[in-house]
Amino acid sequence: MNTVEFRKNLFSDERPENLSEIGRPTVRQDILGHVTGRSAFYDDHQFDGLLHMRCVRSPHHHARIRSVDFSNAERMDGVRRIVGPNDVPKNLNTLLSLINFGKEDEPLLSGEKTAYRGEPVLAVIADTERQARVAASSVRVEWEPMPHVLDVEEALAPGAPTVNETYPDNTFEYHERYDHQKLRFGDVDKGFSEADRIVEGRYRMSPIEQAPIETCGAIAAPDTGDRFVCYTSTQALFFSLATTAKLLDTASSRLHFIGGTVGGGFGGKVDSIVEPMAVLGAMLSGRPVKFMWDREEEMQVGAPRGAELWIIKDGVAADGRILARRFTGYFDAGAYTRLSSYAVVKSTGHLPGPYTIPNVASNVYCVFTNRTPATAMRGFGITGVDYAIECQMDRVAEAVGMDPVELRILNAYRDGDMKAHRRVAKNTALIECCQVAAEKAGWRISPDSTRQSSLEGGGGRRAEIPETATDQIGRIGERRRSRIPVEPLVGSGPRGRIPAGTAGPAVEAAPPQRPDMAMDWEREKSAADFVREPVKRPKTATQPQSRLAAAPEPLPPAQEKAEAPYIPKAPFNRGVRKPGVSRFLSGTRRR
Amino acid sequence: MVEVLAFESIAQAAAALRDRTVYLGGGTLVMRAVNFGDSSIERIVLANDPSVKAIRTEGNRVVLGSGATMADVLASKETAFLASVARGIGGPAVRSMATVGGNLFAQHPYGDFAAAILALDAKLSLTDGSEIDMGSFLARRGSLRSLVARIQFERPASGEFHFRKMSRVKPKGVSVISIAALIPNSAGRVSNARIAYCGMGETPVRASAAEAALEGRTLDPQGIAAAVSAASAGLAPPDDAIASSWYRKEVAPVLLRRLLLGEAD
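Heads up: the sequence lines are chains A and B, in that order.
With positions in the first sequence counted from 1, the corresponding number in the working numbering is that position plus 2.
For the second sequence, position 259 (counting from the first letter as 1) is numbered 253 according to the working numbering, and the numbering increases by one without interruption.
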């Protein structure tokens, strides 16, 4: 049965005719291994003398650590090593430091306090998993529970407990200026005053655990050449490798990461927590070490899609046109930033959804609470706010007494329209999507709505950037001192106006370092080749942008003397059974 | 290390029970706990005892060995009326391992079969030679130092035994609640009904208020109205990841009505 129906007449000039994968059965590249039970997961790799690592975790949402007594655990059978915060060479990190975004805020093992339930404070390495588990449960931690906050709005109130000392106001800091990400386009207050109806809605999303069948974990083992091999469940191999190198303060060239088949990820395996732990264990014990979360850990400390709260206020004309839309959004990051700061920026770029609304303003907060740190999940940063926007659209339709599909078609963005983040919309297809969905569902829409097209009616006045109202409310730390409004453009303080047509500074990509590194567009086949208005492409031949070509640096002087031949300082004594093969690596479980 | 002791008879296995020791029936609960790191289990005892695997009848009584699996119950014609209960437990892999005896000890939210045994007013023969009814067993099962060898009950007349299960995942989800009911009928009127729930308490429990409200009534919408409205009376179902206590209380009357009237789910 073929249930796929193609509407190839739509956007036929935007894609080549040879796109034919959809609607055809395609064999997944790894499916043969899966159905025959031969795919090797990280846990299928077997090592001689494998040790097991388990963490001691906080039972409190927020607590200071008064003392840790692991003397019993140390003496237990099979226990090889206790790993504490001081054993982590660089015990503070933020994931997005790899792209220079945010401040270091999260320890691998916490020494002074814990900010979410299940936060690890100590790890035990033992011969068997059971021994590690029993030893970990025998560690006595004297906790001093502290007041905690589990709700984003409460976390912003003056006097709320500070969750994360790096961000004492419980908010991520944007542009070194505000405690939230602002978006201003036009003047929402003017839009509200021109509107016939005001429609407000409040939408709350709970965290969602990705729940992979294979829990997060990694096995690391000392390898030849003073390196470490690490088999991991990561979804982001090089990201995990770089994070491990940073936390362990070692050269990334010493780490050999092997990923591969992931037993379900969905965004929940990018946080690079298990890899540094396993490699650290292997470094400290000199043996292969497995660090694997059990199901309870996966659910309790595995980072979920974070909770979100969106408050939307719309100004609507009697005919259904939305004249102004104002968002106040909160991403609950949990105790540490991980990737939530980025979700805020990504969602802001998506506002106000696939609609052309002349006045848009948003304040979006990345808030720290004493919940499990949140991370990516499918549609990261967009899914939650889209849910809120579409619920709001239904509410607007009800308020103005209009068909919800027709309301969407009326307000839908069209090719050439200006988006709120000041980029021109293209490849818009919401109108066609609504039309086909209505037709398939047997939902009757008016002939006028049926006639609409996303290729027509866009641009022109809809492409103009309006005069924009601005404010400077919500500077870093301000909210801590007094209760100030969370919504955009509400409250007292200096206001500004940006003249119509101001597009903001253009962001240009860094030029290629050398001419031969420049992309040869003629050889690239991408969707960009098929856009209706051909994009202007840099002509590499006439752009001597390379720094090397523009100002050639003098080469360093050649070394005068050849270096002496390498002589090892000590005789090689790492017990390798076969040259070039790790003495610990003994194969995989399934062949 | 976990020590495993295998015995020839269930009585020997029972004698080996002490602290931090568990008896392994089919292993679907015990081995999951062991594999998931339950370090309170230091010793596993099991018995390769054919006498507790049998399903037979003695006159009008059905005798279920505690080691009979759900698959055995499904395969035996003596227990055809229990097929819907057995089929509702796990998938084929679980059913081929999970035992009747294990289900009697299963913690909430498991225990659909135990609810059926409770509804059937069964007597349990323990390895210490004593006999105990299902109600008292459920009250004491946490502290029991004996094992259950056999379960005996009177075969219900045709059409007297009913079972309904509501789960959020189909076909092999855990029960939100399930209801097993023995509804004897004389001259069109219900007498001495026994209704048991799984999921409405920490152990399978009887719906005493609904049973009383059904006495002498007919099985039609008016006759059962009082029983349906008393379906959750006096019960405090737990909150868990499967369902909230409130939801279970709301579902119970709906499922009981369907069961009593034979309505489709």
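Think of the CB as a built atom: it goes at the ideal place given N, C-alpha and C, for glycine as much as any other residue.
Bear in mind that the values here come from a model prediction, so they are computed numbers and not experimental data.
Across the segment 18 to 37 of chain B, CB contacts with chain A closer than 8 Å involve F30, G31 and S33, in sequence order along the chain. Distance between A:D251 and A:R297, taken at the CA atoms: about 30 Å.
Contact annotation for A:D296 against chain B: F30 and G31 [CB-CB distance below 8 Å, chain order].
Taken through DSSP and simplified to helix, strand or coil, A:Q302 comes out as helix. Interface annotation for the segment 128 to 144 of chain A against chain B: T130, E131, R132, R135, V136 and S139, criterion Cβ-Cβ distance under 8 Å. Taking the C-beta atoms as reference points, A:A305 is found nearer than 9 Å to A:G336. The beta carbons of A:R328 and A:K348 sit no closer together than 9 Å. Distances from the alpha-carbon of B:E196 to those of B:V245, B:A109 and B:L118 put B:A109 closest. Following the DSSP letters along the chain, one finds A:F293 inside the beta strand (DSSP E) bounded by residues V291 to M294. Beta-bridge pairing by DSSP links A:H54 to A:A128 and A:K292. At a cut-off of 9 Å between beta-carbon atoms, B:V(-4) makes contact with chain A. The beta-carbon separation of A:Y176 and A:Y44, rounded to 37 Å, does not stay under the 8 Å limit for a contact.
Contact annotation: B:T51 and B:S90 have beta-carbon atoms that are not nearer than 9 Å. Take B:D214, set aside five residues on each side of it, and the residues of its chain with a beta-carbon closer than 8 Å to its own are L255, in chain order. In this structure, A:Y180 places its C-beta atom within 9 Å of the C-beta atom of A:G476. Going by C-alpha positions, B:L141 is about 39 Å away from A:C218. A distance below 8 Å between beta-carbons, with the five flanking residues on each side excluded, links A:L152 to the following residues of its chain, in chain order: H63, T371, N372 and R373. Burial of A:A75 is indicated by the presence of at least 16 other C-beta atoms within 10 angstroms of its C-beta. Counting only residues of its own chain and dropping the five nearest sequence neighbours on each side, B:K243 has a CB closer than 7 Å to the CB of S226 and P231. Around A:E434, the same chain offers L12 and S456 as residues with beta carbons nearer than 7 Å, after the five sequence neighbours per side are excluded. CA-CA distance, A:K421 to A:L325, rounds to 14 Å. DSSP places A:V151 in the coil class of the three-state scheme, outside both helix and strand. When the Cα atoms are used, B:R26 and B:D13 turn out to be separated by approximately 19 Å. Contact between A:E155 and A:R59 does not hold, since the beta-carbon distance rounds to 28 Å and is not under 8 Å. In the structure shown, the three-state DSSP call for A:C435 is helix. With 16 or more neighbouring CB atoms inside 10 Å of its own CB, B:F155 falls in the buried class. Going by DSSP, A:M395 is part of the alpha helix (DSSP H) stretching over T385 to V402. In this structure, the beta-carbon distance from A:S235 to A:L243 does not fall below 9 Å. Straight-line spacing of the CA atoms in A:V190 and A:V387 works out to 19 Å. Where A:D191 is concerned, there is no enclosing beta strand (DSSP E), although the alpha helix (DSSP H) around it starts and stops at V190 to E196.
By the neighbour-count criterion, in which 16 or more other beta carbons inside 10 Å mark a residue as buried, A:F8 falls on the exposed side. Secondary structure note for A:P406: its alpha helix (DSSP H) is the uninterrupted segment P406 to N413. Distance between B:I4 and B:I38, taken at the CA atoms: about 13 Å.
In terms of Cβ geometry, B:Y191 and B:S172 form a close pair [threshold 9 Å].
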